[in-house]
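Shown next, in structure tokens, is the structure this report addresses.
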Amino acid sequence: MKTPGDKTIAFSFHSHPTKDMKMRWQAKLTFPPGSTAETVLPITVVDGDGNPVESAVFEFAGQKLDVRDGEASMTYADFVAGKHSVPIWLHRPGMKPVPGVPIFA
Amino acid sequence: MDDNEWYGLVRDGADEGWKLVWERVVEPESRSMRSAEMMERFSLTAGDLMGMLFDDMIGRRKIDLYRGEGSFEGWLKRYVRGYVLNADPNKHGEISIDHAHPDADGEGEAMTLPVQDRETLRVEAWRMTLYFFRKLWNEDPERCYIHLLKTRFFLTSEEIREFLDVSSAANVDQIFSRSVKFMRESWRKWEAGGK
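Each protein sequence line maps, in turn, to chains A and B. 225 is the number that my numbering gives the last residue of the first sequence; the numbers go up by one with no jumps. 196 is the number that my numbering gives the last residue of the second sequence; the numbers go up by one with no jumps.
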């Protein structure tokens with residue numbers, strides 16, 4: 121389990137299309153070059169205006185990850201363990217959970 | 002005879018003016034390499050073109066649109082060329098020649114209005130790609146990861162095997178092949194249902 125040593129890989133996700141800007145969000149999971157099972161992968165989460173989400177729980181790859189000031193993380197091993205997990209949600213306090221989808225880009 | 006005089010005769014429906022239209026516009030255009038072959042294909046005669054031109058100019062008063070900019074002959078030829086192009090049964094849109102610039106080179110293609118908005122089609126194709134990708138995700142996210150790693154990050158099958166801890170590179174290829182097939186079939190189903 122490792123990523124190429126010369127490339128940074130990133131997967132992006134965003135909220136299901138919604139007209140309400142307040143409900144929108146976008147997340148980016150980054151694999152630094154040469155990541156191995158123990159590598160901690162940074163995740164950035166921003167709202168519809170591009171501002172970091174202050175506080176939330178990002179549900180992804182079977183994990184519930186704490187988001188603080190737009191940042192969350194998970195280990196590479198956890199990502200691979202949850203590679204078949206479909207649900208993606210962002211739970212923000214005082215707001216309805218918003219499902220997400222991967223971005224084909 | 003200058004353009005103004007010729008224009009006046011044509012506007013008034015005078016035989017002398019229309020005889021010149023035949024000799025200098027319709028007949029030469031119908032013999033031109035760019036129109037002759039199409040006319041034959043679309044069963045169009047020079048007489049048909051003359052009739053259509055007369056109907057437009059006199060019957061619908063299109064003659065009043067001529068502003069004296071550029072040659073009168075060139076302006077009339079654009080109409081004639083438009084009739085030839087418009088006779089194409091495969092062309093579902095209309096050809097507007099009312100605003101064609103009289104000084105243009107006489108290339109009829111420049112007058113063709115697009116019958117489909119390419120930008121709209123492009124956006125639609127992208128939107129549907131995202132939709133099918135989401136469907137692929139719901140089938141199995143691993144397929145999406147492999148799809149992205151292959152098509153966006155250009156990783157080899159061996160690199161992807163290591164990346165996602167897949168049993169073998171052959172398995173990666175198989176999963177990728179399935180994901181491509183899934184996307185293609187989704188497109189096919191959508192197009193079949195959309196048309």
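Note that the Cβ used here is the ideal one computed from N, Cα and C, for glycine as well.
Interface flag, residue i vs chain B, CB-CB below 8 Å
i: Ser135/A; result: no
i: Val160/A; result: no
i: Lys148/A; result: no
i: Gly125/A; result: no
i: Val221/A; result: yes
i: Lys184/A; result: no
i: Phe224/A; result: yes
i: Val187/A; result: no
i: Val173/A; result: no
i: Val200/A; result: yes
Within-8 Å CB hit, residue i to chain A
i: Asp174/B; result: no
i: Leu131/B; result: yes
i: Arg135/B; result: yes
i: Leu149/B; result: yes
i: Tyr146/B; result: yes
i: Ile96/B; result: Unreliable positioning characterises Ile96/B in this predicted model, as indicated by a pLDDT of 47, which lies under 50. The coordinate reading is nonetheless provided below. Cβ-Cβ to chain A under 8 Å: no for Ile96/B.
As assigned by DSSP and simplified to three states, the class of residue i
i: Asp49/B; result: helix
i: Asn172/B; result: helix
i: Glu70/B; result: coil
i: Ser132/A; result: strand
i: Ile163/A; result: strand
i: Ser97/B; result: In this prediction, Ser97/B has a pLDDT of 49, which is less than 50 and means its spatial position is unreliable; what the coordinates show is noted afterwards. It is coil, neither helix nor strand.
i: Thr157/B; result: coil
i: Thr156/A; result: strand
i: His204/A; result: coil
i: Trp19/B; result: helix
i: Glu174/A; result: coil
i: Asp186/A; result: strand
i: Gly83/B; result: helix
i: Gly14/B; result: coil
i: Thr123/A; result: coil
i: Thr150/A; result: strand
Nearest neighbour of residue i, chosen from the options [CA to CA]
i: Thr164/A; options: Leu210/A, Pro219/A, Met143/A, Lys203/A; result: Leu210/A
i: Trp76/B; options: Leu86/B, Ala88/B, Asn87/B, Met58/B; result: Met58/B
i: Leu66/B; options: Leu50/B, Arg12/B, Glu38/B, Leu45/B; result: Arg12/B
i: Gly52/B; options: Glu28/B, Ser36/B, Arg35/B, Glu160/B; result: Glu28/B
i: His134/A; options: Ala201/A, Gly182/A, Ser193/A, Asp169/A; result: Asp169/A
i: Val181/B; options: Lys136/B, Arg162/B, Glu159/B, Gly194/B; result: Lys136/B
i: Thr150/A; options: Ile208/A, Gly214/A, Ser132/A, Ala201/A; result: Ser132/A
i: Trp23/B; options: Asp89/B, Glu74/B, Glu38/B; result: Glu74/B
i: Asn87/B; options: Phe164/B, Phe43/B, Thr130/B, Arg32/B; result: Phe43/B
i: Ile129/A; options: Phe183/B, Arg185/B, Tyr146/B; result: Tyr146/B
Contacts that residue i makes with chain A (C-beta to C-beta distance below 9 Å)
i: Glu163/B; result: Met121, Lys122, Thr123, Pro124
Within chain B, partners of residue i - CB distance below 7 Å
i: Val206/A; result: Trp138, Asn139, Pro142
i: Lys203/A; result: Pro142, Glu143, Tyr146, Leu165
Residue i: contacting residues in chain A (beta-carbon distance under 7 Å)
i: Glu160/B; result: Pro124
Listed by chain order, chain A residues near residue i by CB distance under 8 Å
i: Phe154/B; result: Lys127, Ile129
Chain B contact residues for residue i, given Cβ-Cβ distances below 8 Å
i: Val177/A; result: What Val177/A touches in chain B: nothing, since even the nearest Cβ is about 19 Å away.
Evaluate contact between the segment 186-200 of chain A and the segment 168-176 of chain A, counting only Cβ atoms and requiring at least three cross-stretch pairs below 8 Å. Enough Cβ pairs lie closer than 8 Å, so yes.
Quick one: any contact between the segment 4-13 of chain B and the segment 153-169 of chain B, if contact means 3 or more CB pairs under 8 Å? When C-beta atoms of the segment 4-13 of chain B are compared with those of the segment 153-169 of chain B, fewer than three pairs fall below 8 Å, so the two segments do not count as touching.
Is it the case that the segment 215-225 of chain A contacts the segment 132-145 of chain A, given that we only count it when at least three CB pairs across the two stretches are under 8 Å? Contact holds: three or more Cβ-Cβ distances are below 8 Å.
With contact counted as at least three CB pairs below 8 Å, one residue from each stretch, are the segment 147-160 of chain B and the segment 171-190 of chain B in contact? The segment 147-160 of chain B, when compared against the segment 171-190 of chain B, does touch it at the 8 Å Cβ threshold.
Does the contact criterion of 3 or more C-beta pairs under 8 Å hold for the segment 123-131 of chain A versus the segment 150-158 of chain A? A contact exists between the segment 123-131 of chain A and the segment 150-158 of chain A.
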